[in-house]
Structures are given as C-alpha cells and as structure tokens.
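Since the structure comes first, as structure tokens, the remarks are kept for the end.
Numbering (my numbering), first residue to last: 13 to 265.
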C-alpha cells in the first residue's frame with residue numbers, strides 16, 4: 013500500500029529583541045533561534061548599561077560559543093557608544109574576562125569621510141596642538157537618568173574607531189569598508205537580511221561639510237586623511253556638537 017509523504021513543516025525562527033535600560037540612550041540585543049542562530053547588538057547605552065545589563069547576556073552567549081554577528085553604532089553620542097567602548101575594552105583583557113567574538117562592526121567614523129575631505133596639507137605645530145587639546149578633552153560629559161556623570165574618553169582612553177582598529181575587527185565590511193548608508197544589504201548566517209534605509213549620501217556630504225567647517229572654526233585648516241590623527245578628534249567633536257539643521261549622527265539618521 014502506498015502512503016503519501018507529508019512535506020516537512022518549515023521551522024520558523026524566533027527573533028527576540030531585548031531593550032536594555034540606557035537612561036536617555038539606546039541599546040538593543042537582537043537574537044535569532046533555530047539552526048542559524050545569530051546575535052546583533054545595536055548601540056551600547058552608557059558604560060553602566062554594558063556593565064549591569066549587556067555584559068551578563070554576552071557572557072551567556074559566549075558560554076554557548078556564540079558570537080556577536082554584528083555590532084552597530086548608530087551615532088556618536090555618549091548614551092549610545094559608551095557601552096560599546098566598554099565592550100571593546102573588555103575584549104582586550106581576555107585574561108581577566110571572557111571575550112565574545114565580534115564578526116562585524118558598523119560605525120561611520122572619520123575614515124569614511126576622509127576620502128572626500130582630505131586636502132593633503134601638512135599640519136602646522138599650532139594645528140597639531142589644537143587637535144591634541146581636543147583629544148585631551150575627550151567625549152562630551154553625559155548625564156544619565158540617575159544624574160551620575162561619566163566621561164567616556166579621558167578615563168577610557170580611546171575613540172570607538174581607534175578601538176576597532178586596535179582590535180582588528182571587520183569594519184563596515186557590508187559596504188566594502190566604506191560608509192554604511194541607504195541601499196546596503198547584509199545577510200547574516202543565511203538567516204536574516206538587513207536593509208539599510210539611511211543615511212543617504214547627501215546626508216553624509218552634509219556631515220563632511222560640517223566637519224571641515226568645524227575644524228576651520230577651531231583654527232585647523234589642513235584636512236589630512238591621517239586616520240591615526242583624526243579618528244579620535246572626529247568622534248570627540250561630534251559628541252560636543254548639536255548643530256541646528258545638520259545631524260552629525262552616523263548611520264541611523
């Protein structure tokens with residue numbers, strides 16, 4: 013007697029979105045279950061957000077030999093990237109804390125504006141001193157909902173871009189190392205596809221123009237493509253500014 017075989021029922025993936033307490037900032041962990049499980053961390057809130065909320069979840073993922081398939085920094089505000097800086101610094105001290113592998117980081121930094129901004133000039137001594145002073149000041153001080161203040165550069169030492177380079181993390185690989193912008197498609201583990209809907213190139217061009225104007229207003233006329241000199245400075249200046257009509261936010265806006 014012949015029996016008709018039933019087609020195997022497709023297994024639906026369960027996607028979980030965790031929103032961590034981040035004061036007036038943001039931090040989300042998106043995970044997918046089933047065969048092609050994945051994990052995406054979008055922003056990191058404050059350092060306290062990472063320490064008290066994100067880190068325990070990442071320890072659990074790491075114990076199952078899972079990785080963060082993608083880390084996204086939507087823009088350069090202390091209440092979004094402080095926790096990401098804490099994450100990358102933690103991964104530097106593997107002898108003290110178990111690091112979690114990071115397969116890709118999306119963060120539009122200075123290097124993604126440098127090609128269009130650089131003029132090839134050499135910095136004068138005075139200009140170099142101005143940039144050094146900006147680095148000393150670091151990120152803008154941010155006030156959490158609790159009222160506690162934390163400065164994420166002077167005490168932690170580096171910009172997010174510098175830590176990405178030092179850690180050897182793949183940076184904006186979905187855009188072949190260029191800026192993450194509208195139209196970028198990225199597939200994670202054949203399980204999920206991300207389509208980026210902003211920013212458009214016109215918004216990035218506004219950011220380039222703002223960056224040049226801001227440097228010149230501070231007394232720096234040379235716009236070098238030297239990432240080692242400018243990566244920190246770019247992030248620190250962006251964190252201090254709220255320019256009317258010009259968003260300095262990197263990916264999401």
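In this text, a Cβ means the ideal position worked out from N, Cα and C, and glycines have one as well. Values in this document were obtained by computation on a predicted structure and should not be read as measured data.
For residue 211, the number of other beta carbons within 10 angstroms of its own is at least 16, and it is reported as buried. Nearest C-alpha to residue 28 among 37, 35, 38 and 42: 42.
DSSP places residue 26 in the coil class of the three-state scheme, outside both helix and strand. With respect to the C-alpha of residue 25, the residue from 227, 72, 249 and 45 having the closest C-alpha is 45.
If you draw a straight line from the Cα of residue 84 to the Cα of residue 93, it is about 9 angstroms long. Between residue 148 and residue 251, the alpha-carbon positions lie close to 14 angstroms from each other.
The alpha-carbon separation between residue 117 and residue 82 amounts to approximately 6 angstroms. In the DSSP assignment, residue 196 falls outside any beta strand (DSSP E) and carries neither an H nor an E.
For residue 62, the three-state secondary structure derived from DSSP is helix.
Residue 43 is bridged by DSSP to 28 and 51. Of the residues assessed, residue 180 falls on the exposed side of the cut-off, its CB having fewer than 16 other CB atoms within 10 angstroms. Assignment of beta-bridge partners to residue 133 by DSSP yields no partner.
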